[in-house]
Amino acid sequence: MSTIVTGEAVVLELRPAGFAARMLSAIIDVVAQVTVFIGLMLLVGKAVAESDPALARTLSLALVVLMFVAVPAGVETLTRGKSLGRLAMGLRIVRDDGGSVRFRHAFIRAITAVLEIYLLAGSLAFTVALFNNRSKRLGDILAGTYALRDRVVAPLPPLVHTPPELEPWADLADMGRLPDGLSRRISRFLAQSGRMAAPARTALATELAAETSGFISPQPPAGTHPEAYLRAVMAERRDRDYVRLDRQREQTEALAARLHRMPFSD
153 MSTIVTGEAV
163 VLELRPAGFA
173 ARMLSAIIDV
183 VAQVTVFIGL
193 MLLVGKAVAE
203 SDPALARTLS
213 LALVVLMFVA
223 VPAGVETLTR
233 GKSLGRLAMG
243 LRIVRDDGGS
253 VRFRHAFIRA
263 ITAVLEIYLL
273 AGSLAFTVAL
283 FNNRSKRLGD
293 ILAGTYALRD
303 RVVAPLPPLV
313 HTPPELEPWA
323 DLADMGRLPD
333 GLSRRISRFL
343 AQSGRMAAPA
353 RTALATELAA
363 ETSGFISPQP
373 PAGTHPEAYL
383 RAVMAERRDR
393 DYVRLDRQRE
403 QTEALAARLH
413 RMPFSD
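When we follow my numbering, the leftmost residue of the sequence shown carries the number 153, and every step to the right adds one.
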């Protein structure tokens, strides 16, 4: 992991891309660029080679600059550090401070790539990246960039529902505010309970239910499983909070509408 402290004193933990992942993404990009370049060269050769050799050479040089400098720099800038190979491997190029790359960073990387990847068959990029803790190639060192694994959005925990047999009790129960620590422990337990061994799952559910019972009145029907009890409590508290917040929003909007219609005098 790479740790970066932003200007707002926020610590970001980023995962630099591994050497193998960078190599594979570079190979995909090189194959794609060379394939398109060869196809365009064949088209140019058929179109103007016989009629005007000088024009053919000029267009060939322009295609080299376009395909190996302008296009990679433009794509990397517009996609904030992506390319075909990085998209396939789940990578992104960022600045050393974790920010998005600009055109100057992408341009430096593209110009340097002509030397270290194409003219030297990747040997320079391979050697530099192999002995760099972030797998940087020469272009990254000059531009102040490196490759990281894209952030993956954490899946949301499953929504908790009140067991049907406890819905009548939950609708009438008086539920006080749970301590924040207890509420977090219950939420974490419900999210992970499916991966717990049965004895540990039941024991922890019983412990949490006993702590929760002091804030709930009346208690659930006799014989209620402690985990079902916890699910009912958390689901009902969530639903009541939604209703309360929605009511507050409606009251605020109604007050704002009345103030808007109220005549004002200087």
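Glycine residues also receive a C-beta, built at the ideal position from the N, C-alpha and C atoms. The model shown is predicted, which means the values in this text are computed figures rather than measured ones.
Query                                                                                                         : Result
Residues near Q364 by beta carbon distance below 8 Å, same chain, minus five either side                      : The sequence shown places Thr at residue 364, rather than the Gln named in the question. The answer, listed in chain order, is L330, L334, I338, Y381, L382 and V385.
Contact check, L318 vs P372, beta carbons under 8 Å                                                           : yes
Straight-line Cα distance separating R232 from G251                                                           : 9 Å
Where E160 sits in the DSSP three-state scheme                                                                : Since pLDDT at E160 reaches only 43, below the 50 mark, its modelled position is unreliable, and the value read off the structure follows with that caveat. Of the three classes helix, strand and coil, the one that applies to E160 here is coil, per DSSP.
Integer-rounded CB distance, given that A299 should sit under 8 Å from A387                                   : Not a contact, Cβ separation roughly 43 Å.
Selected residue, minimal CA-CA separation from D302, among N284, Q400, L192 and L243                         : L243
Expected contact under 8 Å - CB spacing of T264 and L294 to nearest Å                                         : 6 Å
Rounded straight-line distance, which links the Cα of I245 to that of I156                                    : At I156 the pLDDT is 48, less than 50, meaning the model places this residue with poor confidence and gives no usable figure here.
Best match in A225, R389 and V227 for proximity to V312 [C-alpha to C-alpha]                                  : R389
S212 (DSSP reduced to helix, strand or coil)                                                                  : helix
Continuous alpha helix (DSSP H) stretch holding I293: start and end                                           : L290 to A295
Own chain partners of M200 with C-beta closer than 8 Å, once the 5 adjacent residues on each side are dropped : First, the amino acid is wrong: residue 200 is Val here, not Met. If we look at V200 and ignore the five residues flanking it on each side, its Cβ neighbours are L207, A208 and L211.
Extent of the continuous beta strand (DSSP E) run through L267                                                : No beta strand (DSSP E) holds L267; DSSP gives it neither H nor E.
Stretch-stretch touch, CB-based, cutoff 8 Å, three pairs: the region 180-192 with the region 213-231          : yes
Status (buried if at least 16 other CB within 10 Å, exposed otherwise) for K288                               : buried
Assigned exposure category for T179 - 16 Cβ within 10 Å defines buried                                        : Thr is not the amino acid found at residue 179; the sequence shown has Ile there. Looking at its Cβ environment, which holds fewer than 16 other Cβ atoms inside 10 Å, I179 is exposed.
Buried or exposed by the 16-neighbour rule on C-beta atoms within 10 Å, applied to T297                       : buried
Beta carbon of S235 nearer than 8 Å to that of D292                                                           : no
Straight-line gap, A406 to D393 (C-alpha atoms, nearest Å)                                                    : 20 Å
Rounded C-alpha distance that separates M153 from L176                                                        : In this prediction, M153 scores a pLDDT of 49, lower than 50, which makes its location untrustworthy; the coordinate-derived value is nonetheless stated afterwards. Taking the straight line from one Cα to the other gives about 21 Å.
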